[in-house]
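Heads up, the thing below is written out as structure tokens.
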Amino acid sequence: MMAIAVVMDFTGGTVEQYDEACRRLGFEPKGPGAPGGLFHWAASTEGGLRITDVWQDKETWEAFTADKLTPVSTEIGIPAPEVAFYEVYNYQTQGPAL
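Taking the numbering used here, the leading residue of the sequence shown gets 144, the next gets one more, and so forth.
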């Protein structure tokens, strides 16, 4: 299996919508992510919201998106993102605490 990076740009999306989606999905800041998700970050941009994930494979990301993320995003009114995929050559996990 090839890990993939998923970059999602939500034009008009807000951090408030993101926080609500995380709450509904049971995710806490700096806590564990979804099964099969290896890395996640989100940031506000001039045009909305950017989320970048690394997943163990595209199929796992697609299943999570269809089964969990899309229904919650639709309820909240988060606009559909522009999505780009990249094959991941390498990723690193969290380092030791300082």
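For every residue, glycine included, the Cβ atom is placed at its ideal position computed from N, Cα and C. Because the structure is a prediction, the values reported are computed rather than measured.
With a 10 Å radius around the Cβ and a threshold of 16 neighbouring Cβ atoms, alanine 227 comes out exposed. Glutamate 230 sits in a strand when the DSSP states are folded into three classes.
If you look at isoleucine 219, you'll find it in the alpha helix (DSSP H) that goes 213-219.
Burial check for aspartate 196: the Cβ neighbour count within 10 Å reaches 16 or more, so the residue is buried. For the pair isoleucine 219 and phenylalanine 153, the CB atoms are not nearer than the 8 Å cut-off. Cβ contact annotation for glycine 190 (same chain, cutoff 6 Å, sequence separation greater than five): Thr154, in chain order. When the Cα atoms are used, serine 216 and alanine 164 turn out to be separated by approximately 7 Å.
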